[in-house]
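Report on the structure given below.
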Amino acid sequence: MNSRIFNFSAGPAVMPAPVLERAREELLSLGGAGMSVMEMSHRSPEFEAVLHKAEAGLRELLGLPANYRVLFTYGGATMQFSMVPMNLLGGGHADYITTGAWGEKAIAEARRFGPVNEIFTTRESGFRSVPANDELAFSGDAAYVHYCSNETIDGVEFHYDLEAGGIPVVCDASSNILSRPIDVSKYALIYAGAQKNIGPSGVAVVIIRDDLLERIPDGLPQLLDYRTYASADSMPNTPNTWGIYLIGLVTDWLSEQGGLAAIAERNREKARLLYEAIDASDGFYRGHAEREARSLMNVTFRLPSEELEERFCTEAERRGMSGLRGHRSVGGVRASIYNAFPREGVTALVEFMSEFRDANG
Ligand SMILES: Cc1ncc(COP(=O)(O)O)c(C=O)c1O
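Heads up, the working numbering is the position in the sequence shown plus 38, with the first residue counted as 1.
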């Protein structure tokens, strides 16, 4: 099959078709180099230009102030669960907010490195909501506070930039980075695995305020020390050249779409269509997240039985809609509708939801 399906996968996720087409065009020879980006030295001027373009694209879209560094790292967002405490705890303690499955993993890993206060969690109520900023009581002397702005598995999202009264805010934004404008100056560190809204898997982006680099303890393993990436232009060793190249193409595409404000508008509209279909189903489809915390990126819902959920996903697949099964840890249905996911795919799903309910409700 050569035609594209509607890919609702949570990640690796759908890429913008024009990006794939451009990568295909440039695959045998990038900019007249006579070789692909995968074949060229990462120390060549050609690749340096590729890396700087990717960084410049991210800086421009996010409106990054000059005192923030962009680092391309390895090990996905998961490695950041370790790097954040290793680099930033500094013998003190950290505050963590746990609103879903990824927050659980982050806090579990941080506990290996030092004392951690879980200042808020929605674990008991099944990860359906997020706190309002004024519900949070930070410990005054925390080295940092960590939260996940969009819980990919549970489908709950913070719709505001957290403020912690001077405590450095660290955010796992893996699944909603670049989906809307944010006020970067409120964050000390933002990290994200690339494979949802930024590019392919295998690269993680870390945006770090430069004063944080000064508090990193000496003696960390080289590749787990943010300073190593900051001082080597993200190339302490051979980086994921292909991934970084694609990030540059994705940022070009996003700029052509009108930037983050424009894509946010489209994301809101796509999510609205889906949540309206859920709400109008007389309880046949039940959204997992509470209304105010509903994710615009990962729409999670249940059907009356697991058997119906399975049938729903199988029939959807037959109609060219894949990746709808909820994460294996929670089940249910999850429609991931990142930046590159087309509106037509959402309307196709909404139509199918209505037909499926008529046939099975
Ligand atoms: C919010 C969030 N954090 C962390 C991760 C882990 O990312 P990685 O697989 O890049 O380590 C994911 C993966 O889906 C995620 O969605």
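Ideal placement from N, C-alpha and C gives every residue a C-beta, glycine not left out.
For residue i, the first and last residue of its enclosing beta strand (DSSP E)
i: L109; result: Y106 to T111
i: L227; result: L227 to G231
i: I145; result: Element bounds for I145: not the beta strand (DSSP E) but the alpha helix (DSSP H), A139 to A148.
i: Y182; result: Counting along the chain, Y182 falls outside any beta strand (DSSP E), and DSSP gives it neither H nor E.
i: I246; result: A242 to R247
Member of the options whose CA lies at the smallest distance from the CA of residue i
i: Y323; options: R332, A331, R329 and Y313; result: Y313
i: M76; options: N278, H131 and A55; result: N278
i: P50; options: P380, G361, M391 and R395; result: G361
i: F110; options: R218, Y267 and P342; result: Y267
i: G178; options: A299, F165, E189 and E201; result: E201
i: E393; options: T137, R265, R357 and N377; result: R357
i: V194; options: F176, N214 and V208; result: N214
i: E189; options: G237, M117, F165 and R366; result: F165
i: R265; options: M121, R42 and G369; result: M121
i: T338; options: E353, V368 and D271; result: V368
i: G416; options: L216, L284 and A331; result: With the chain represented from 39 up to 399, any question about residue 416 goes unanswered, as that position is not in the structure.
i: P255; options: E63, D210 and D263; result: D263
i: S163; options: G113, V243, P259 and A327; result: A327
i: A20; options: F85, P206 and T352; result: Residue 20 is absent from the model: the chain starts at 39 and stops at 399.
i: A139; options: E307, S212, G204 and E344; result: S212
i: G141; options: G204, P83 and V208; result: V208
Helix, strand or coil at residue i [DSSP, three-state]
i: N214; result: coil
i: V368; result: coil
i: E355; result: helix
i: F165; result: coil
i: S374; result: strand
i: N155; result: strand
i: V208; result: strand
i: G114; result: helix
i: V75; result: helix
i: N45; result: strand
i: E201; result: coil
i: V52; result: coil
i: E328; result: coil
i: S360; result: strand
Beta-carbon contacts of residue i that lie in its chain and below 6 Å, excluding the five residues immediately before and after
i: A309; result: L334
N- and C-terminal bounds of the alpha helix (DSSP H) containing residue i
i: T136; result: No alpha helix (DSSP H) holds T136; the beta strand (DSSP E) holding it covers A132 to T136.
i: R381; result: R381 to N398
i: I285; result: T279 to E294
i: A61; result: A55 to E63
i: V316; result: Here residue 316 turns out to be Ile, not Val, going by the sequence shown. That run of the alpha helix (DSSP H) goes G297 to D317.
i: N336; result: Run containing N336: none in the alpha helix (DSSP H); it sits in the beta strand (DSSP E), N336 to R340.
i: A268; result: Y264 to S269
i: A92; result: P83 to L100
Assigned exposure category for residue i - 16 Cβ within 10 Å defines buried
i: S68; result: Reading the sequence as shown, one finds Leu at residue 68 and not Ser. When all chains shown are included, L68 counts as buried.
i: N16; result: Limits of the chain in this structure are 39 at one end and 399 at the other, which puts residue 16 out of reach.
i: P54; result: buried
i: Y198; result: exposed
i: H90; result: exposed
Cβ-based neighbour list, residue i, same chain, cut-off 8 Å, excluding 5 preceding and 5 following
i: S293; result: G95, E98 and L99
Residues near residue i by beta carbon distance below 7 Å, same chain, minus five either side
i: I145; result: Y134, T136, V154 and E156
i: T385; result: L311
i: L66; result: S74
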